[in-house]
Amino acid sequence: MALIYPTLPGIAFDCTKKPTWSTDIQKAKSGRETRIRWQSRPRWEFTLVYEFLRDTAAANELQTLLGFYNQVSGAYQAFLFVDPDDNTAVGQTLGVGDGTSKAWTMIRTAGGAVETVGAVTALTAVYINGVVTTAYSLSGVTITFNNPPADGAVLSADFTYAFVCRFQADDDMEVLKFAKQLWEAKTVNLISLIGEVIT
Numbered sequence: 000m001a002l003i004y005p006t007l008p009g010i011a012f013d014c015t016k017k018p019t020w021s022t023d024i025q026k027a028k029s030g031r032e033t034r035i036r037w038q039s040r041p042r043w044e045f046t047l048v049y050e051f052l053r054d055t056a057a058a059n060e061l062q063t064l065l066g067f068y069n070q071v072s073g074a075y076q077a078f079l080f081v082d083p084d085d086n087t088a089v090g091q092t093l094g095v096g097d098g099t100s101k102a103w104t105m106i107r108t109a110g111g112a113v114e115t116v117g118a119v120t121a122l123t124a125v126y127i128n129g130v131v132t133t134a135y136s137l138s139g140v141t142i143t144f145n146n147p148p149a150d151g152a153v154l155s156a157d158f159t160y161a162f163v164c165r166f167q168a169d170d171d172m173e174v175l176k177f178a179k180q181l182w183e184a185k186t187v188n189l190i191s192l193i194g195e196v197i198t
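The sequence shown begins at 0 in my numbering and counts up by one.
Encoded structure:
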């Protein structure tokens, strides 16, 4: 069972999310450049801010957050993070059938960019040329149809997804007490992982 980052009240609106890439750039004296891209998709950095974390018997978000951090041993273990604003794909085109292929990777489109999702949390519908089908299986982020879709058939799906993440660093979890039984966390830093599958 995959560990899922806890959803807690008290999260602020001023959280940040940014894509990061790994590119080497060699610049010649003439001003020309040679660039090498080392990643096929971005890693996402999330900075979460909690305005309050209660520490009472009835509501104990502080212990939930600290307990989760310790459960995954800081930056050691990967987990699923459901971005509250970026977790749903409806009618997402997965590809076009060629009459022989049966497997496709679950992807999401953001603007003009396409990237593999970290994990599928729920697959609600799969379509071949707009018609719902149940003749498939899902393993991780790979959907496999029982029979190869026909040449030219448009494959799409409705699903929710999560990012496979870890904490940025082992010493990154700091909380501040600002009132009796009330704490805040100014920064909780997560980074997505490429190629790590959690089911």
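Here a beta-carbon is modelled for each residue, glycine too, at the ideal position from N, C-alpha and C.
All figures in this text were calculated on a predicted structure; none of them were measured in a lab.
What residues in its chain sit with their C-beta under 6 Å from that of Ile3, if we drop five residues either side in the sequence? So the qualifying residues of the chain are Leu79.
Closest to Asp150 by C-alpha separation, out of Ser100, Ile24, Val48 and Lys176, would be which residue? Answer by Cα proximity: Ser100.
Just to confirm, are Leu47 and Asp54 a CB contact at a threshold of 8 Å? Result no, Cβ atoms of Leu47 and Asp54 do not sit closer than 8 Å.
Could you compute how far the alpha carbon of Gly96 sits from the alpha carbon of Met172? Whole-angstrom Cα-Cα distance: 47 Å.
Contact check, Phe162 vs Asp84, beta carbons under 8 Å: It is not a contact, given that the beta carbons lie outside the stated cut-off.
Continuous alpha helix (DSSP H) stretch holding Tyr68: start and end: Glu60 to Gln70 is the span of the alpha helix (DSSP H), which, as asked, contains Tyr68.
How would you write the range of the beta strand (DSSP E) that Thr92 sits in, first residue to last? Segment Thr87 to Val95, the beta strand (DSSP E) holding Thr92.
Exposed or buried, Ala118, counting other C-beta atoms within 10 Å across all chains shown (16 or more means buried)? Burial check for Ala118: the Cβ neighbour count within 10 Å reaches 16 or more, so the residue is buried.
If I measure Cβ to Cβ from Leu181 and keep anything under 6 Å in the same chain, skipping five residues before and after, which residues do I get? Excluding sequence neighbours, Leu181 sits near Phe51.
State the CB to CB distance for the pair Ile190 and Cys164, rounded to an integer number of angstroms; the pair is presumed to be in contact (CB under 8 Å). The C-beta separation of Ile190 from Cys164 comes to about 6 Å, placing the pair in contact by the 8 Å criterion.
Would you call Pro5 buried or exposed, if buried means 16 or more other Cβ atoms sit within 10 Å of its Cβ? Pro5 counts as exposed, since fewer than 16 other C-beta atoms from the protein chains shown sit within 10 angstroms of its C-beta.
Determine the closest residue to Pro18 out of Ala109, Ala11, Thr87 and Ala56, with distance taken between C-alpha atoms. With distances taken between Cα atoms, Pro18 lies closest to Ala109.
When every heavy atom of the ligand ZN is checked, does at least one fall within less than 7 Å of the C-beta of Ala11? Ligands are entirely absent from the displayed structure, and the ligand ZN is therefore not among its contents.
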